[in-house]
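Colleague:
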Amino acid sequence: MNAIYVLSPFTNPFLNLAYEDWMMDQIQDDEILFYLWQNQHTVVIGKNQNAYKECKVTELENDGGKLARRSSGGGAVYHDLGNLNFTFIAPHYRYDVEKQLNVILKAINKLGISGQFAGRNDIEVDGCKVSGNAYAKRRNNSLHHGTLLVDVKMEDLAKYLNVSKAKMESKGVDSVRKRVANLKQFNSELTIPLLIETLKISFEEEYKTKLEERLMDSSQYQDRIDKYRSKTWRLNPIEDFQAQVETKFPWGEVQAFFHVNSGTIMETKIYSDAMNPDFIEQLSNVWKDIPYELSSMRSVYLNEEYKNMVDDILSACFHLEENE
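Taken in order, the sequence shown gives residues 75 to 398; the numbers are from this note's numbering.
Shown next as structure tokens:
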């Protein structure tokens with residue numbers, strides 16, 4: 075196995091996220107990528123989230139920040155240079171979330187911090203979230219990436235994110251600043267360079283192989299950078315929707331907007347922090363040019379894997395009772 079290591083020289087989210095996207099098509103059967111990167115003053119939202127719902131977009135941009143959208147599911151996160159991001163990309167048969175998480179958890183432990191995986195996608199220390207993880211798949215390869223809060227400015231995290239009250243209440247806390255913590259709180263000597271070196275050691279121990287360092291060349295994926303920088307990708311604006319559903323399920327939050335004309339769905343936009351981005355995108359595509367009614371919307375989505383999630387959303391749309 076060829077283990078590729080890349081440390082991004084950029085702090086621009088459009089270059090960093092575009093590189094991930096490009097590498098999803100480049101990784102070969104005998105390769106795995108371990109990629110570390112940082113963004114300066116950025117909010118990154120999940121693939122299917124409503125930008126204006128999750129982030130104070132105007133305030134962020136007026137303060138010189140950037141709003142970015144990634145290719146994976148999950149929720150909105152704030153990045154500054156006190157945060158380190160990690161990415162694993164591997165062929166499906168070599169992709170192993172447990173092994174990948176072990177790299178992160180072992181590194182944290184080596185630094186004298188006791189972490190554990192919790193909930194759908196978090197790493198916690200003493201009940202506080204220090205890392206969020208998200209996932210994506212493509213034809214040949216899978217991606218797992220996440221954040222590591224080292225010394226993030228918590229006042230900015232709270233300033234720019236519109237954190238759902240329902241989500242916070244479900245976790246038994248009343249503010250985002252009580253929910254998250256910096257790793258530096260648990261090891262005052264911790265720095266980003268020290269964490270990077272410890273992660274590299276942890277990877278080589280877990281995979282029993284040496285990392286091969288490579289450099290990034292942004293000229294190789296300029297078309298992806300243009301996509302990630304574009305307002306069409308980042309903001310995905312919603313206009314003229316006449317029906318709206320907003321609710322929270324155990325598997326994630328959903329905001330669904332339907333443009334309905336004479337009983338027919340003209341367009342559907344679904345925003346969610348669900349960990350299954352393809353499923354959410356598929357629903358937006360199939361709930362179109364059909365009647366806005368239960369049986370039609372249920373019948374066009376035939377993937378049994380997500381049947382219960384579809385029924386959850388439809389129950390909210392049509393206010394179904396639990397026994398229906």
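Glycine is no exception: its CB is placed at the ideal position from the N, C-alpha and C atoms.
Assess, as a yes-or-no matter, whether the stretch 181–195 is touched by the stretch 133–146 under the definition of 3 or more beta carbon pairs within less than 8 Å.
Modeller: Segments in contact, no.
Colleague: Between the alpha carbons of E59 and A164, how many angstroms are there, rounded?
Modeller: Absent from the structure is residue 59, since the part of the chain shown begins at 75 and ends at 398.
Colleague: Can you list, in chain order, the residues of its chain with a C-beta nearer than 8 Å to that of M98? Leave out the 5 residues immediately preceding and following it.
Modeller: Only S145, I163, A210, R212, N215, L217 meet the Cβ criterion.
Colleague: Counting along the chain, where does the alpha helix (DSSP H) carrying E105 start and finish?
Modeller: That residue, E105, is in no alpha helix (DSSP H); its beta strand (DSSP E) goes 105–111.
Colleague: Just to check my reading of the structure: Y152 and Y234 have Cβ atoms closer than 8 Å, yes? What is that Cβ distance to the nearest angstrom?
Modeller: The Cβ separation is near 6 Å, so the contact holds.
Colleague: Is there a C-beta anywhere in chain D that falls below 8 Å from the one on F160?
Modeller: In the displayed structure, chain D is absent; only one protein chain is listed.
Colleague: Taking all protein chains shown into account, do 16 or more other C-beta atoms lie within 10 angstroms of the C-beta of R298, making it buried, or fewer, making it exposed?
Modeller: Burial call: buried.
Colleague: So Y93 is in the beta strand (DSSP E); what residue range does that whole segment cover?
Modeller: Y93 -> not in any beta strand (DSSP E); alpha helix (DSSP H) instead, spanning 87–97.
Colleague: In this structure, does DSSP put P267 in helix, strand or coil?
Modeller: Three-state DSSP puts P267 in a helix.
Colleague: Assign N423 to one of two classes, buried (16 or more other C-beta atoms within 10 Å of its C-beta) or exposed (fewer than that).
Modeller: Past the edges of the chain, shown from 75 to 398, lies residue 423, and the structure says nothing about it.
Colleague: From the DSSP output, read off the bridge partner residues of E287.
Modeller: DSSP lists Y79 as partners of E287.
Colleague: Please state whether DSSP places I339 in a helix, a strand or coil.
Modeller: Residue state, collapsed to three classes: strand.
Colleague: Would you decide whether P324 is buried or exposed? Buried here means 16 or more other CB atoms lie within 10 Å of its CB.
Modeller: Result: exposed.
Colleague: Between V199 and F260, how many whole angstroms is the CB-CB distance? I'm expecting something under 8 Å.
Modeller: At roughly 6 Å, the Cβ-Cβ gap stays under 8 Å, so V199 and F260 are in contact.
Colleague: Count Cβ pairs between the stretch 328–341 and the stretch 373–391 that sit closer than 8 Å; are there 3 or more?
Modeller: Contact holds: three or more Cβ-Cβ distances are below 8 Å.
Colleague: Could you tell me if Q190 is buried or exposed, where buried requires 16 or more neighbouring beta carbons within 10 angstroms of its beta carbon?
Modeller: Burial call: exposed.
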